[in-house]
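Data block below; observations after.
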Amino acid sequence: MTSIRISAFALTWLVACSALLVVDATSNGVLRPSQDYASAPLALRHSLREAESNPAASFLVWLRRALAPGARAALPEELEAPRRIPVLKGGYLFPVLAWGPNNQVAGLKEALVLGRLLERTVVVHDILNHYDEAKKGGSAGSMDFKLVYDFDHLSRHQSVVTLDERRAAGWGGEVDAVAHFGKAFLSQIKNAHKLNVSDEGAPYIDFVKFDCTRSQLSHMAQELLPYKDVAFIVYENVVRDAGHGVKLRVTGELCHDQYLQVSAQLVKSSRILDISRRFRAKRLGGEDVPYIAVHLRPYPDTCLYWWNQKEYDEAKAKKACKNGKLYPVCVSQTALQMKRLEERVGKGKAKLFVMSYPELRPVISRMYDSVDLDPVYYDEADLEKEMGYRSISLLGMVEEEIAYEADVFIGTSYSSMTGVILQERFARGEPTTLPHLHAHQQLADRRTAALHRKPAVCRGVGCSRVKRAEGRHRGRR
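Under mature numbering (1 follows the signal peptide of the UniProt record, and there is no 0), residues -25 to -1, 1 to 452 are what the sequence shown spells out, in order.
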């Protein structure tokens, strides 16, 4: 029989709307709807309708038990549709994404949440490279979405099309309207222009502030009804602090919890997975060797100057760095966690994987050498052997996949890359994640203790199938 997996969000819908279903002891598991499934999560709705024609489906047996008084379901992943979810009648949502690659990924997740709730098909597109990619020997262009992410997996959980598919269907690239929340990120429409998408003549619709209430969602859907192709400028509007500090727990807040669910569905492509596995086998000892992953990101980029000095001047650095105390605490924190890991696995049996800008790596290696730690890096040369070219942006995407599987992850505050890694590890139910290395460590301990505790099992918001094998944000990585 087919195994059916349902998210906590989908189960909430089922229980809340149980009046829609008539499942009793004499029905033999036959589902008899009292109305249609218009309010159900999309992938669940798709399978509910399919289930009507298959009364013997194991899903129906599970459903009857799940809806019974006192029933409790702890299923690991949102229901995956048996095939790609079709285009929705509500129109298309084109995400206008801001800043660096991982800020764009966070914004895309917010757009995917909006697509679910407004019942629009989301147009996924290339991820623009880091703003100074060309200066670092790479391309000033972009990363193909399907190179980085598993489009097929996402398309079985949500209605999505690629920009290329949309163009092939006859769309000329002109949006009918541009929706946004306030004026903060209006200039980011330039990123749509870089993808040859035009807003010429399109009205701008300002929803001012998003609160994710049913009434506001209904109002937004009504306002956008006349427009087939709507561009949405979105970054940390749908979910607070989505780019770096989202709460890593189910809160009962619709958009927040859907954001966590989307994190489980936006998984890396098979190409990225293969690259990561080969690197682990060659440089980290293979799947059976434990390791710590550390992400060190002095922020903003002007802070790199102080890290590259012979002596780190904390008093001067704090004027340029938002996380000026990262330098003095990162080595001691890593050494402490390595000691704890080695107490479990044996002295010298764990590895250290470090992510940072290539130009900082000689400095970082010297710092870790002072405590007898030998960091392993994924280098641009490693990527070039795999891809035939260098790209600091794509290198970061591979680094993230390596960090997802680490036994311990230590991140840096003010970093969208750390934020995305934390979200993905939570979605996968990965082991220990340590607090961010903040500018003020005591503050960090208070703010993040509840957010980064060890997830013992894969939670209801979803485990990725992978487990089975300008402004203050600019340049944040």
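Heads up, the beta-carbon is just placed ideally off N, CA and C, and yes, glycines get one too.
Inset, instruction - With TYR266 as the anchor, note down where its beta strand (DSSP E) starts and where it stops. - result: Within the sequence shown, numbered from 1, the residue matching residue 266 stands at position 291. Unbroken beta strand (DSSP E) run through TYR266: 266 to 270.
Inset, instruction - Go ahead and label THR309 buried or exposed: buried means 16 or more other beta carbons lie within 10 angstroms of its beta carbon, across all protein chains shown. - result: Position 334 of the sequence shown holds residue 309. With 16 or more other Cβ atoms within 10 Å, it is buried.
Inset, instruction - Just mark GLN284 as buried or exposed, buried being the case when its beta carbon has 16 or more other beta carbons within 10 Å. - result: Mapped onto the sequence shown, residue 284 falls at position 309. That one is exposed.
Legend entry - Simplified DSSP assignment, three categories, for TYR210: Your numbering for residue 210 matches position 235 in the sequence shown. Correct three-state label for TYR210: coil.
Legend entry - Candidates ARG131, SER331 and THR277: closest to PRO350 by CA position: Residue 350 sits at position 375 when you count from the first residue of the sequence shown. Comparing Cα positions, the closest option is SER331.
Inset, instruction - Give the straight-line distance between the Cα atoms of TYR179 and LEU87, rounded to the nearest whole angstrom. - result: Within the sequence shown, residue 179 is the residue found at index 204, counting from 1. Within the sequence shown, residue 87 is the residue found at index 112, counting from 1. So the alpha carbons of these two residues sit roughly 20 Å apart.
Legend entry - Member of LYS293, LYS203, GLN197 and ILE377 whose CA lies at the smallest distance from the CA of VAL264: Counting from 1 along the sequence shown, the entry for residue 264 is found at position 289. Out of LYS293, LYS203, GLN197 and ILE377, ILE377 has the C-alpha closest to the C-alpha of VAL264.
Legend entry - Buried or exposed (CB count within 10 angstroms, at least 16 for buried), PRO61: As a working mapping, residue 61 is identified with position 86 in the sequence shown. Exposed, since its Cβ has fewer than 16 Cβ neighbours within 10 Å.
Inset, instruction - Report the residue ranges of all beta strand (DSSP E) runs contained in full by the segment 198 to 242; include only those spanning at least 3 residues, in chain order. - result: 204 to 208
Inset, instruction - Look at GLU375 and ILE396 and say whether their C-beta atoms are less than 7 Å apart. - result: Indexing the sequence shown from 1 puts residue 375 at position 400. Indexing the sequence shown from 1 puts residue 396 at position 421. For GLU375 and ILE396, yes; Cβs fall inside 7 Å.
Inset, instruction - Answer yes or no: do ILE102 and HIS155 have a C-beta to C-beta separation smaller than 7 Å? - result: The sequence position of residue 102 within the sequence shown is 127, counting from 1. The sequence position of residue 155 within the sequence shown is 180, counting from 1. Cβ distance not < 7 Å, so ILE102 and HIS155 don't count as in contact.
Inset, instruction - Within 10 angstroms of the Cβ of ASN171, are there 16 or more other Cβ atoms? Answer buried if so, exposed if not. - result: Taking the sequence shown and counting its residues from 1, the one referred to as residue 171 is at position 196. So ASN171 ends up on the exposed side.
Legend entry - Residue from VAL383, ASP354 and PRO337 whose Cα sits closest to the Cα of MET372: Position 397 of the sequence shown holds residue 372. Taking only the C-alpha atoms, the option nearest MET372 is ASP354.
Inset, instruction - Tell me the start and end of each unbroken beta strand (DSSP E) in the segment 143 to 191 that is at least 3 residues and wholly inside, in chain order. - result: 152 to 155 and 179 to 181
Inset, instruction - Figure out for me which residue from SER190, ALA81, LYS326 and ILE339 has the closest Cα to the Cα of THR393. - result: Within the sequence shown, residue 393 is the residue found at index 418, counting from 1. Among SER190, ALA81, LYS326 and ILE339, the Cα nearest to that of THR393 belongs to ALA81.
Inset, instruction - Let me know if SER14 comes out buried or exposed under the rule of 16 or more other beta-carbons within 10 Å of its beta-carbon. - result: The residue labelled residue 14 in the question sits at position 39 within the sequence shown. Any reading at SER14 must be qualified, since the residue scores a pLDDT of 40, below 50, and its modelled position is unreliable; the value itself is stated next. Burial call: exposed.
Inset, instruction - Decide if TYR302 is buried, meaning its Cβ has at least 16 other Cβ atoms within 10 Å, or exposed. - result: Residue numbering aside, residue 302 sits at position 327 when the sequence shown is read from its first letter. By the neighbour-count rule (16 or more Cβ atoms within 10 Å), TYR302 is buried.
Inset, instruction - Whole angstroms is fine: what's the gap from SER251's alpha carbon to LEU259's? - result: Here residue 251 refers to the residue found at position 276 when the sequence shown is read from its first residue. Here residue 259 refers to the residue found at position 284 when the sequence shown is read from its first residue. Cα to Cα, SER251 sits roughly 10 Å from LEU259.
Inset, instruction - Indicate the three-state DSSP secondary structure (helix, strand or coil) for VAL329 in the structure shown. - result: In the sequence shown, the residue the question calls residue 329 occupies position 354. Here VAL329 sits in strand by DSSP.
Legend entry - Element boundaries [alpha helix (DSSP H), containing PRO303]: In the sequence shown, the residue the question calls residue 303 occupies position 328. Where PRO303 is concerned, the enclosing alpha helix (DSSP H) stretches over 301 to 320.
Legend entry - ILE377 in three-state terms, based on DSSP: One-based indexing of the sequence shown puts residue 377 at position 402. The answer is helix: DSSP assigns ILE377 an H, G or I state.
Inset, instruction - Tell me whether GLU262 is buried or exposed, calling it buried when 16 or more other Cβ atoms sit within 10 Å of its Cβ. - result: Against the sequence shown, residue 262 aligns to sequence position 287. Per the 10 Å Cβ criterion, exposed.
Legend entry - Meets three-Cβ-pair contact criterion under 8 Å: the segment 142 to 161 and the segment 264 to 277: no
Inset, instruction - Please name the residue, chosen from GLU289, ARG315, SER390 and TRP282, that lies closest to VAL338 on a Cα-to-Cα basis. - result: Locating residue 338 in the sequence shown gives position 363, where the first residue counts as 1. The residue with the shortest Cα to Cα distance from VAL338 is TRP282.
Inset, instruction - Alpha carbon to alpha carbon, how far is ALA239 from LEU129? Give it in angstroms, no decimals. - result: Position 154 of the sequence shown, counted from the first residue, corresponds to residue 129. Position 264 of the sequence shown, counted from the first residue, corresponds to residue 239. Whole-angstrom Cα-Cα distance: 9 Å.
Legend entry - Straight-line Cα distance separating ARG131 from ASP174: For the purposes of this step, residue 174 is taken as the residue at position 199 of the sequence shown. For the purposes of this step, residue 131 is taken as the residue at position 156 of the sequence shown. Approximately 30 Å between the Cα atoms of the pair.
Inset, instruction - Buried or exposed for ASP344, please, with buried defined as at least 16 other CB atoms from any protein chain shown within 10 angstroms of its CB. - result: Numbered from 1 along the sequence shown, position 369 holds the residue referred to as residue 344. The residue is exposed, with fewer than 16 neighbouring Cβ atoms inside 10 Å.
Legend entry - Ordered list of beta strand (DSSP E) runs contained in the segment 333 to 379, each at least 3 residues: none
Inset, instruction - Excluding the 5 residues preceding and the 5 following GLU289 in the sequence, name in chain order all residues of the same chain whose CB lies nearer than 8 Å to its CB. - result: Mapped onto the sequence shown, residue 289 falls at position 314. So the qualifying residues of the chain are GLY299, LYS300, TYR302 and PRO303.
Legend entry - Proximity to CYS305 [Cα-Cα], best of MET362, GLY386, LEU199 and ALA217: Indexing the sequence shown from 1 puts residue 305 at position 330. The shortest C-alpha separation from CYS305 is found at GLY386.
Legend entry - Sub-7 Å separation of PRO205 and ALA152 beta-carbons: Here residue 205 refers to the residue found at position 230 when the sequence shown is read from its first residue. Here residue 152 refers to the residue found at position 177 when the sequence shown is read from its first residue. The sequence shown places Val at residue 205, rather than the Pro named in the question. Closer than 7 Å, so yes.
Inset, instruction - Could you name the residues of the same chain whose beta carbon sits closer than 7 Å to that of CYS230, not counting the 5 residues immediately before and after it, in chain order? - result: Sequence index remark: in the sequence shown, residue 230 carries index 255 (1-based). VAL88, CYS187, VAL213 and VAL214, listed in sequence order.
Legend entry - GLU94 beta carbon less than 7 Å from that of LEU63: On the sequence shown, residue 63 is found 88 positions in, with the first residue counted as 1. On the sequence shown, residue 94 is found 119 positions in, with the first residue counted as 1. Cβ atoms of LEU63 and GLU94: closer than 7 Å.
Inset, instruction - To the nearest angstrom, report how far apart PHE254 and ASP125 are at their CA atoms. - result: Along the sequence shown, read from residue 1 onward, the residue named residue 254 stands at position 279. Along the sequence shown, read from residue 1 onward, the residue named residue 125 stands at position 150. Each residue's alpha carbon lies about 20 Å from the other.
Inset, instruction - Would you kindly report the start and end of the unbroken alpha helix (DSSP H) that includes PRO76? - result: In the sequence shown, the residue the question calls residue 76 occupies position 101. Start and end: 76 to 93.
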